[in-house]
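Enquirer: Questions regarding the structure given below will be posed in turn.
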Amino acid sequence: MITAIDTNVLIDLFGADPIHGVHSKEAIRSCINQGSLVACEVVWAEVSAVFPSESDAQEVLQTLGVQFSPLGVEASFFAGRLWKDYRQKGGRRDRMVADFLIGAHALHQADALLTRDRGFYRSGMPRLKIIDPST
Numbered sequence: 001m002i003t004a005i006d007t008n009v010l011i012d013l014f015g016a017d018p019i020h021g022v023h024s025k026e027a028i029r030s031c032i033n034q035g036s037l038v039a040c041e042v043v044w045a046e047v048s049a050v051f052p053s054e055s056d057a058q059e060v061l062q063t064l065g066v067q068f069s070p071l072g073v074e075a076s077f078f079a080g081r082l083w084k085d086y087r088q089k090g091g092r093r094d095r096m097v098a099d100f101l102i103g104a105h106a107l108h109q110a111d112a113l114l115t116r117d118r119g120f121y122r123s124g125m126p127r128l129k130i131i132d133p134s135t
């Protein structure tokens, strides 16, 4: 099984989050045992901001077993359509295109998304299989 991973789960792990860190670590381990972990360029970009250098971020992600999986054209356009629909229906501006790109990547290029943001993804992308480490 290919599992895409969301930034929030990685930040839980890297920041040793006292509330979510343990559950996120266990969920990452479980997903690796069931197949592979992938992340699109959006996740790599967001995660790199918490490290002193890009090479440090890349080393940690690779050591963890997270493979770089670029967004495809179809997923990119799908994310754009979803974001446009979301905004036209009055969706809040605090939802950025990045969230839609991460979800579209998982929907088109993985079997599931490992995220703590299940409410957003379940309502906006009901066909996307969600793995929530906190449940």
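Each residue of the sequence shown is one higher than the last, beginning at 1 in UniProt numbering.
All C-beta atoms in this analysis are idealised placements derived from N, C-alpha and C, irrespective of residue type, glycine included.
Keep in mind that this is a model prediction, so the values were computed, not measured.
#1: From this set, I11, V38, A106, G35, which residue's C-alpha is nearest K25's C-alpha?
#2: How would you label T135, buried or exposed, when you count the other beta carbons within 10 angstroms and need 16 or more for buried?
#3: Ends of the alpha helix (DSSP H) at S123?
#4: Among A16, A79, H105, V97, which residue has its Cα nearest to the Cα of L71?
#5: For the beta strand (DSSP E) containing I2, list its first residue and its last residue.
#6: Assess, as a yes-or-no matter, whether the stretch 57–64 is touched by the stretch 123–132 under the definition of 3 or more beta carbon pairs within less than 8 Å.
#7: If we require 3 or more residues per run, which beta strand (DSSP E) segments fall completely within the stretch 52–110?
#8: Give the C-beta separation of A110 and A4 to the nearest angstrom, bearing in mind that I take them to be a contact with Cβ-Cβ under 8 Å.
#9: In chain order, what residues of the same chain lie with their CB nearer than 8 Å to the CB of G15, ignoring the 5 residues before and after it?
Expert: Taking the geometry as given:
#1: Counting from one through the sequence shown, the residue named residue 25 turns up at place 25. For K25, the nearest C-alpha among the options comes from I11.
#2: Working through the sequence shown from its first residue, we reach residue 135 at position 135. So T135 counts as exposed.
#3: Walking along the sequence shown from the start, residue 123 turns up at place 123. Element bounds for S123: 118–124.
#4: One-based indexing of the sequence shown puts residue 71 at position 71. Ranking A16, A79, H105, V97 by Cα distance to L71 puts H105 first.
#5: Sequence index remark: in the sequence shown, residue 2 carries index 2 (1-based). It spans 2–5 - the beta strand (DSSP E) in which I2 sits, taken as one unbroken run.
#6: Output reads no: the stretch 57–64 does not touch the stretch 123–132.
#7: 66–68
#8: Within the sequence shown, residue 110 is the residue found at index 110, counting from 1. Within the sequence shown, residue 4 is the residue found at index 4, counting from 1. At roughly 4 Å, the Cβ-Cβ gap stays under 8 Å, so A110 and A4 are in contact.
#9: Numbered from 1 along the sequence shown, position 15 holds the residue referred to as residue 15. The answer, listed in chain order, is G21, V50.
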